[in-house]
Amino acid sequence: MAEMKQAFVTGFPIKHSRSPLIHNYWLQRYGLSGSYKAIENSPENFPNFIQTLAEQGLRGGNVTIPHKEAAFALCEKRDAAAEAIGAVNTLWIDAENHLNGGNTDAYGFAANLDAQLPDWDAGAKIALVLGAGGASRAVLYALLNRGFEKIIVVNRTVERAQALAAHFGSKVEAAGWDEAQGFVSSADLIVNTTSLGMSGHGEAQEFPLHLAQAKPTAIATDIVYIPLETPFLRQARQAGLRCVDGLGMLLHQAVPGFEHWFGVCPEVTDELRQIILDDVLKS
Ligand code: ATR
8 MAEMKQAFVT GFPIKHSRSP LIHNYWLQRY GLSGSYKAIE NSPENFPNFI QTLAEQGLRG
68 GNVTIPHKEA AFALCEKRDA AAEAIGAVNT LWIDAENHLN GGNTDAYGFA ANLDAQLPDW
128 DAGAKIALVL GAGGASRAVL YALLNRGFEK IIVVNRTVER AQALAAHFGS KVEAAGWDEA
188 QGFVSSADLI VNTTSLGMSG HGEAQEFPLH LAQAKPTAIA TDIVYIPLET PFLRQARQAG
248 LRCVDGLGML LHQAVPGFEH WFGVCPEVTD ELRQIILDDV LKS
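Numbering of the sequence shown is given in this note's numbering, commencing with residue 8 and proceeding in unit increments.
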């Protein structure tokens, strides 16, 4: 009998992760006999955990907060996205028994837009990215890969935006929130990566940017999916922009990992989206 393929998601804490729901949906849909479980690891346990995956019968898994940087440092090989972003969210053991680390957040960000608005990057030249944390790094990597000519990164702590501009090169420019409004009218794409308006983070009544001045063809997207319509997206919708919510990024970033561990490239279906949405709504 073939060995059962086992994968995991680890974080600290991990009980709220929706990754098991996603991967177990696909295991069932494709009739595979694998398993995917949430395993909590403290920062002290994490190195030993990922360095003994094979002994535990695990083929790989997902890594989330607070372990993404530690995973980056501990894996033996890294893909180009992980190198550029400086964090690993997906681990797999390759045929030579090396522990590989990848970052699928940039892939998930772009794949979600590809699925929702296939023309999103056609002729797109200027992007305005709000926020300069870990998620912003993945968004910048994705946008540079898709040929954006100029990306303005706006952050409350402007030094973090400047550090990203220095890291990603001359197409990326840093700005503070006091300058952000001035960039709205020239942006083809506006991305919110800040936690402003995220459920449980002191919901802002109004997002601190007026989107009525945006191009009528501009696209707005948020990486936050709780609530599904963030204050940023609500304002963008009211301004008549085309909007893409952040739930699809969560679903699409899971695709490459599933393929590594279970050998099938899974589809992000409407049914899967509804399952996750139902789970978000009941929490
Ligand atoms: P992630 O990895 O999800 O990007 P993060 O690194 O904590 O998370 O980044 C959160 C982002 O939201 C940062 O850009 C943060 O701005 P600072 O770097 O200045 O902290 C931004 N953010 C959070 N709360 C904010 C607020 N009240 N106003 C403006 N920006 C805020």
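Note that the Cβ used here is the ideal one computed from N, Cα and C, for glycine as well.
query                                                                                                                    : result
Three-state secondary structure (DSSP) of residue 43                                                                     : strand
Boundaries (first-last residue) of the beta strand (DSSP E) holding residue 108                                          : 106-109
Inter-residue Cα distance where the pair is residue 8 and residue 267                                                    : Low local confidence applies: a pLDDT of 49 at residue 8 is under 50, so the model's placement there is unreliable, with the coordinate-based value given in what follows. The alpha-carbon atoms of residue 8 and residue 267 are separated by roughly 20 Å.
Residue 136, DSSP secondary structure in three states                                                                    : strand
Own chain partners of residue 147 with C-beta closer than 8 Å, once the 5 adjacent residues on each side are dropped     : 136, 158, 160, 171, 175 and 179
Burial state of residue 255 (16 or more Cβ within 10 Å)                                                                  : buried
CA-to-CA distance, residue 60 to residue 118, given in whole angstroms                                                   : 29 Å
Close Cβ partners of residue 218 (< 6 Å) along its chain, the five nearest in sequence each way excluded                 : 242, 243 and 246
Close beta carbons around residue 24, own chain, < 7 Å, minus the five adjacent residues each side                       : 16, 18, 45 and 71
Nonlocal neighbours in the same chain, by C-beta distance under 6 Å from residue 289, ignoring five residues either side : none
Pick from 140, 177 and 237 that is closest to residue 167, judged by C-alpha positions                                   : 140
Secondary structure of residue 173, DSSP reduced to three states                                                         : helix
The ligand ATR heavy atom lying under 6 Å from the CB of residue 25                                                      : no
Residue(s) in a DSSP beta bridge with residue 98                                                                         : 68 and 108
As assigned by DSSP and simplified to three states, the class of residue 251                                             : strand
Segments of 3+ residues assigned as beta strand (DSSP E) that fall wholly inside the region 213-269                      : 226-229 and 249-251
Any non-hydrogen atom of the ligand ATR closer than 6 Å to residue 164 Cβ                                                : yes
Pairwise C-alpha distance: residue 252 and residue 232                                                                   : 6 Å
Identity of the residues DSSP links to residue 85 by a beta bridge                                                       : 108
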